[in-house]
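Below is one structure, written out as structure tokens, with a few remarks after it.
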Amino acid sequence: MTAALSLSPEPEPHHLALGAVALTSADPDRLVPFYRDAVGLDVLATGDTTVLGAGGRPLVEIVRRSQARPAPHRAPGLFHMAIRVPDRASLAARLLALHHTGLRLGASDHLVSEALYVDDPDGNGIEIYHDRPEAEWPRSADGSIAMATLPLDLAALAREAPAVLGKAPAGTDMGHVHLKVSDLEAARRFWVDTVGLKIMARYPGALFVSADGYHHHLGLNTWQSSGAPAPAAGSAGLDHFTVRLPAAAVAGLARRLAAADVAFTPLADGGLEVADPSGNTAVVLPA
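Note that our numbering gives residue 291 to position 27 of the sequence shown, counting from 1, and the numbers run on in steps of one.
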């Protein structure tokens, strides 16, 4: 445990960007075709860890652990990773590519974005979405954002698909990560009070938090996982997700964690690794 420090409050983190989400799998080979062909990612590296991405940007890392077993459905972990494409035509292309897989597909209009939902062959939740222009996001006087879950007109979306579906284009990134947590108030204290993110929206049993006024970089919910213990080490599913911040903000986060008496592991490249109260691990790296 890192010793507590008596410091004035650190400034809020700014210029936050999400990096790759790392998954553990007993059989990465069955996941790669899904991420390559349906999600449209390129294979950037192979070996014990397979890395996939778009435009050279790593987005999904699949770590091979032959003994990994699925975590209980109620366990904290990944609700979904949300891969953001740059425009509606790119989302339409992914709609048709996903349709060709024959997998069950969900879709929603969230007012701030339009989104498709599917599970990978290991059961990890995947969202693929594009943002509406920020000027169109419905905001309250306090700066919070109104989001909803409305039907999405898939026929209209499909008509915008290009003739050649192709890969996810450059500019595709990890827009947000949605986590299952065991205690929403404990998650709020960690991600808001300690890390310094702001609450942008509330749903029953869920919070959506971000930096710099984005609609959300993290979703946190207890819809399935309230009171559930963290999964066993080495379970299949979420290993960690990556957060990038300016170096000064990473140092500030380290001081915040120390002041709150939260254990973390400094990394050789100036980053740090920390788990939230539900055991979800973030690797925070200098941008």
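Glycine included, C-beta positions come from ideal geometry on N, C-alpha and C. Just so it is clear, the structure is predicted and the values come from calculations on it, not from any experiment.
- Taking all protein chains in view, the Cβ of V382 is crowded by 16 or more other Cβ atoms within 10 Å, so the residue is classified as buried.
- Along the segment 462-515, the beta strand (DSSP E) occurs as fully enclosed runs of 3 or more residues at 462-467, 470-474, 482-485, 501-509, listed in sequence order.
- For T365, the enclosing alpha helix (DSSP H) has its first and last residue at 352-365.
- Boundaries of the beta strand (DSSP E) around E537: 536-539.
- For P530, same chain residues with a beta-carbon under 8 Å away, outside a window of 5 residues either side, are A518, L536 in chain order.
- One alpha carbon belongs to I390, the other to T486, and they sit about 18 Å apart.
- Comparing C-alpha distances from V324 to each of E449, P336, G439, P426 shows the shortest one belongs to G439.
- L482 is the residue among E449, R396, L482 whose C-alpha sits nearest the C-alpha of L443.
- The shortest CA-to-CA distance from L295 to any of H278, H279, R328, P277 is the one to R328.
- Distances from the alpha-carbon of A290 to those of A524, G498, A539 put G498 closest.
- Judged by DSSP secondary structure, L316 falls within the beta strand (DSSP E) whose first and last residues are 313-318.
- Rounded to the nearest angstrom, the Cβ distance from V473 to K462 is 6 Å, consistent with a contact under 8 Å.
- Take the alpha-carbon of D540 and the one of A523: they are about 15 Å apart.
- Residue V303 holds the alpha-carbon nearest to the alpha-carbon of A318 among D386, T506, V303.
- Between H278 and A513, the CB-CB gap stays under 8 Å.
- Residue burial is scored here from C-beta neighbours: D447 has at least 16 other C-beta atoms within 10 angstroms and is therefore classed as buried.
- Note on geometry: alpha-carbon atoms of P510 and P493 lie some 33 Å from one another.
- For L418, the enclosing alpha helix (DSSP H) stretches over residues 418-422.
- Boundaries for E378: no alpha helix (DSSP H) harbours it, while the beta strand (DSSP E) harbouring it runs 377-383, taken from the DSSP string.
- For the pair D476 and L280, the CB atoms are nearer than the 8 Å cut-off.
- With a threshold of 16 other beta carbon atoms within 10 Å, R333 falls short and is exposed.
- Contact between H394 and S377 holds, with the beta-carbon distance rounding to 6 Å and staying under 8 Å.
- Rounded to whole angstroms, the gap between the alpha carbons of L471 and T545 is 18 Å.
- With contacts defined as CB atoms closer than 8 Å, L287 and I326 qualify as a contacting pair.
- DSSP places L448 inside the alpha helix (DSSP H), whose first and last residues are 448-452.
- The segment 452-469 makes contact with the segment 400-415; the number of CB pairs closer than 8 Å reaches 3 or more.
- A residue is called buried when at least 16 other Cβ atoms come within 10 angstroms of its Cβ; H504 meets this threshold and is buried.
- Less than 8 Å separates the beta-carbon of P322 from that of A284.
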